[in-house]
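Trainee:
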Amino acid sequence: MSEALALEANGLTKVYGTGHTQVVAMRDASLRLHRGEVAALLGPSGAGKSTFLLCVGLINPPTRGRVAIGGRPVLDGPRALVDLRRFRRESVGFVFQKSNLIPFLNAADNVQIVGELVGRPASQARARAMELLEALGVGARARNMPTQLSGGEQQRVTVARALANQPSLILADEPTAALDSKRGRQVMELFRDVAHKHGTGIIVVTHDHRALDVFDTVYQMEDGSLRPATHAGIEASSGPASTS
Amino acid sequence: MNLAVRDIRHSIGRFALTTIGVGMLLMVVMGMGGIYRGLVDDALVVTRGVGADLWVVQRDTRGPFAEVSRLPRSVVDRVAAVPGVMDACEFVFHTIQREHGGRPLRMGVLGLGWPIDKGQGLPLIAGRPLAQNHYEMIADESLGLTLGERIRLGKDTYTVVGITRWLVSSGGDGIACFTSRDAQSIQFDEPGESVRLERRARRNRADQVDFGRTQPSVLERASGLSGNIAALPGPAISAVIARLSPGADAKEVQAIIGAWGDVTTYTKDQQEQLLLKGSVDRARRQILLFRVLLTIISAVIMALIIYTLTLDKLHPIALLKLIGAPNRTIVGLILQQSLIMGALAFGVGHLIGLKLFPMFPRRVLVTNDDLLRVAGIVLVISVFASLLGIWKAMRVAPNEAIG
Ligand SMILES: Nc1ncnc2c1ncn2[C@@H]1O[C@H](COP(=O)(O)OP(=O)(O)O)[C@@H](O)[C@H]1O
Ligand SMILES: [Mg+2]
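Dropping the structure here:
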């Protein structure tokens, strides 16, 4: 292996609850994501896609399995091998379906704060935030509070926040659900450009099959199992049931 | 970027209202402390005002404040003759309630030991001490009298020459100072008719004894001034106050006077203790207890408010954890906000108190010590309440931000 992987997930299994309320949300999921690779993750609602992202995003550790990010082992089952929160702010960016902006910070501050959290001077973090907001077409809304932004604008601010620290891994859970298909495609293309330019590994959970050509690889989850997508699988997951 | 300040700015209206509310609560706590201090201080104003080192009262009484004490006037001269005593004079203090300008005028009448004590030591805010030994008075501003105002008490008219501030009796009535002669003539003022009747009665009594019948001059005397009748004592005084010469030992002087069979002596401190343990004791303890209760309740309310403020932020806190904010950032947010609220509320309470307390009928004495104590309590509550909030915030999982 010439170069460390952006993400290496090995045999991830997640069991929620105990006894007869026990749910196996993900079983033995493995995935290798190269630097600069953009992967799509398809699958019906309840398949375990979010569970997978929360595991490799170090938010909700797996019951079993190992996670390495940027070549660094970080999780061995539920056991943390590094300071997870610190690792998160330095190396992982998140974009979720619903905008998750801090309500008492305006758009620019929401992006700036993640820069400050990793110890950048405020002015530098600010400049970076403005640059990203401009690039995402929401530069004019920098001083607006999250509640004053439309769903699409909020989503783009969230994307800017995920990009702010140039993480080695970006995880996006249905980021374009609140956007029209044109804007949605723009976000996907932005992810691809960022990945190719900075060598960031990106996983995007999506249902938008028209944008699949943007991705380098496509994975599919069903009943907690993860595997590379087949054409039939892609067709199946585009059914009307996939709305989660 | 300071998250605490950003959050406050975002919900400034709510924060301001809450802070003002907590501030008013603190104002009440400060006020209750002030009422307590005022009560204690007022009780001691008279003893401090007369500046006595030693109090001589009727044997075995706790006079002259806690109970009645009666002494013949001659004790003044006996005390003055004791080695170590610089000067002695009679203590005259009583409360009167008269009409003046159509409204009731209730005041404590305090006799000053003219000519040594002209009221130089009083807390004058206008005018001057007494300059002559009759017909002048120094009135407390709470009596509502003005400089130069003339007021009739008994058979004489007195002119207000000085105004004091916070010179009040333990009951809260304003005190007016006169020379002790004037104070006594106000105290013992009798209407002419009652003097006439008393002289007639004396004459009748003298008529019925053989001594009176055989000595016409006795009958003569009986109709005249009481002071001219050797068999009648002068009016009793309630206490003698003595000032000691510099360097004199109070214990020694007390021992000498204490050997006399007819008097008991108290030092200044003992007299103050008698006052605090006696006349104002119940009122003092009542307010003290209420003050303690109020402080505890305010502490609980304030802690709950600050804690609730944190509960409202649990979602953003989970979000901060999600984007990897260290605990330091989260603790800082909660702690700073609660300290800012505590400090502002303290300031608001203090400011409102400054405007409000002077309007109270009795003194609200907010001392710096008490302010510091309240500030300390506010600090402790702010920290304690934010610890509760921090404890809660630490338990929030980052994935609670999603969903
Ligand atoms: N916190 C949880 N507790 C119990 N079960 C959960 C929890 N989160 C998800 N699940 C279950 O795990 C399965 C996978 O959920 P999820 O990963 O959200 O699916 P997807 O994102 O693909 O729709 C579902 O059956 C869901 O009900
Ligand atoms: Mg999901």
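Same order as they appear, the protein sequences are chains A and B. Per the working numbering, residue 78 is the first one in the first sequence, and the count goes up by one each step. Per the working numbering, residue 3 is the first one in the second sequence, and the count goes up by one each step. Glycine included, C-beta positions come from ideal geometry on N, C-alpha and C. This one's a predicted model, so the numbers in the text were calculated from it and none came from an experiment.
Taking the C-alpha atoms as reference points, what is the distance between Lys120/B and Ile127/B?
Mentor: Cα-Cα distance, rounded: 15 Å.
Trainee: Can you tell me the Cβ-Cβ gap for Val191/A and Arg260/A, rounded? I've got them flagged as a contact below 8 Å.
Mentor: Contact flag wrong, Cβ pair sits at about 23 Å.
Trainee: Is the beta carbon of Thr307/A within less than 6 Å of some heavy atom of ligand 1?
Mentor: No, the Cβ of Thr307/A stays beyond 6 Å of every heavy atom of ligand 1.
Trainee: Nearest CA to the CA of Ser228/B: which residue from Gly53/B, Arg365/B and Arg204/B?
Mentor: When each option's Cα is compared against that of Ser228/B, the closest is Arg204/B.
Trainee: Against chain B, with Cβ distances strictly below 7 Å, would Ile146/A count as a contact?
Mentor: No - not a single Cβ of chain B is within 7 Å of the one on Ile146/A.
Trainee: Can you determine whether any heavy atom of ligand 1 sits closer than 6 Å to the C-beta of Gly113/A, and answer yes or no?
Mentor: Every heavy atom of ligand 1 is 6 Å or more from the Cβ of Gly113/A, so no.
Trainee: What residues from the segment 135-158 of chain B come within 9 Å of chain A, judged by C-beta to C-beta, listed N to C?
Mentor: Against chain A - using a Cβ distance shorter than 9 Å - the segment 135-158 of chain B contributes no residues.
Trainee: Does the segment 177-196 of chain A come close enough to the segment 314-324 of chain B that 3 or more CB-CB pairs lie under 8 Å?
Mentor: Yes, the segment 314-324 of chain B is in contact with the segment 177-196 of chain A.
Trainee: Restricting to runs no shorter than 4 residues, where is the alpha helix (DSSP H) found entirely within the segment 140-216 of chain B?
Mentor: Runs of the alpha helix (DSSP H) inside the segment 140-216 of chain B: 182-189, 194-209 and 212-216.
Trainee: Please decide whether His12/B counts as near chain A, where near means a Cβ-Cβ distance under 7 Å.
Mentor: True, the Cβ-Cβ gap to chain A drops below 7 Å.
Trainee: Whole angstroms is fine: what's the gap from Ala387/B's alpha carbon to Lys175/A's?
Mentor: For Ala387/B and Lys175/A, the distance between alpha carbons rounds to 32 Å.
Trainee: Please classify Leu82/A: does DSSP put it in a helix, a strand, or coil?
Mentor: Leu82/A: coil per DSSP, three-state reduction.
Trainee: What is the residue span of the alpha helix (DSSP H) that Pro218/B lies within?
Mentor: It spans Pro218 to Ala224 - the alpha helix (DSSP H) in which Pro218/B sits, taken as one unbroken run.
Trainee: Given a cut-off of 7 Å, decide if Arg112/A and Ala145/A are closer than it, judged by their beta-carbon atoms.
Mentor: Not a contact, by the Cβ cut-off of 7 Å.
Trainee: How big is the Cα-Cα spacing for Ser79/A and Gly148/A?
Mentor: Only weak support exists for where Ser79/A lies, its pLDDT of 44 falling under 50; the coordinates are left without a value.
Trainee: Might you give, ordered along the chain, the residues of its own chain that have their beta carbon closer than 7 Å to the beta carbon of Ala403/B, omitting 5 neighbours on each side?
Mentor: Result list for Ala403/B: His317, Ala320, Leu321 and Leu324, in chain order.
Trainee: Who are the Cβ neighbours of Gly94/A in its own chain at under 7 Å, not counting the five residues just before and after it?
Mentor: Closer than 7 Å at Cβ, skipping near neighbours: Val100.
Trainee: For Phe268/A, which residues in chain B fall below 9 Å Cβ to Cβ?
Mentor: In chain order: nothing, as chain B lies at least about 18 Å away.
Trainee: Given that Arg8/B touches chain A, what residues does it touch there, using C-beta distances under 8 Å?
Mentor: Correct list: Phe181, Leu182 and Asp186.
Trainee: 7 Å is my cut-off, CB to CB: does Gly326/B come that close to chain A?
Mentor: Chain A, which has a Cβ nearer than 7 Å to the Cβ of Gly326/B, makes this yes.
Trainee: Can you find a CB in chain B that lies within less than 7 Å of the CB of Ser321/A?
Mentor: Annotation note: pLDDT 43 at Ser321/A (below 50); position unreliable, coordinate value reported separately. So, not an interface residue.
Trainee: Spell out the partners DSSP gives Val101/A in its beta bridges.
Mentor: Paired residue(s): Val92/A.
Trainee: What residues of chain A sit near Leu353/B, judged by a beta carbon separation below 8 Å?
Mentor: What Leu353/B touches in chain A: nothing, since even the nearest Cβ is about 28 Å away.
Trainee: Would you call the segment 378-393 of chain B in contact with the segment 339-346 of chain B, where contact means no fewer than 3 C-beta pairs closer than 8 Å?
Mentor: Output reads yes: the segment 339-346 of chain B touches the segment 378-393 of chain B.
Trainee: Going by other Cβ atoms of all chains shown within 10 Å of its Cβ, with 16 needed for buried, is Glu138/B buried or exposed?
Mentor: Flag for Glu138/B reads buried.
Trainee: For a contact meaning CB atoms closer than 8 Å, what does Pro363/B contact in chain A?
Mentor: Neighbours of Pro363/B on chain A: none; closest Cβ ~46 Å, over 8 Å.
Trainee: Taking DSSP as the reference, what is the three-state secondary structure of Ala403/B?
Mentor: Looking at Ala403/B - three-state DSSP - the assignment turns out to be helix.
Trainee: Just to confirm, does Gly123/A get its C-beta within under 6 Å of one of the non-hydrogen atoms of ligand 1?
Mentor: Yes, the Cβ of Gly123/A comes within 6 Å of a heavy atom of ligand 1.
Trainee: Is the beta carbon of Lys91/A within less than 6 Å of some heavy atom of ligand 2?
Mentor: It does not: the Cβ of Lys91/A is nowhere closer than 6 Å to a heavy atom of ligand 2.
Trainee: Buried or exposed, going by whether 16 or more other CB atoms sit within 10 Å of the CB of Ala18/B?
Mentor: So Ala18/B counts as exposed.
Trainee: Just checking: is the beta-carbon of Leu321/B within a distance shorter than 7 Å of some beta-carbon in chain A?
Mentor: Output row for Leu321/B: interface = yes.
Trainee: Can you check which of these residues, Ser122/A, Phe268/A, Ala241/A and Phe292/A, is closest to Glu167/A by C-alpha distance?
Mentor: Comparing Cα positions, the closest option is Ala241/A.
Trainee: List the residues of chain A whose Cβ lies closer than 7 Å to the Cβ of Met3/B, in chain order.
Mentor: Going along chain A in sequence order, the residues near Met3/B (Cβ under 7 Å) are Asp186, Gln189, Ile190, Glu193 and Ala199.
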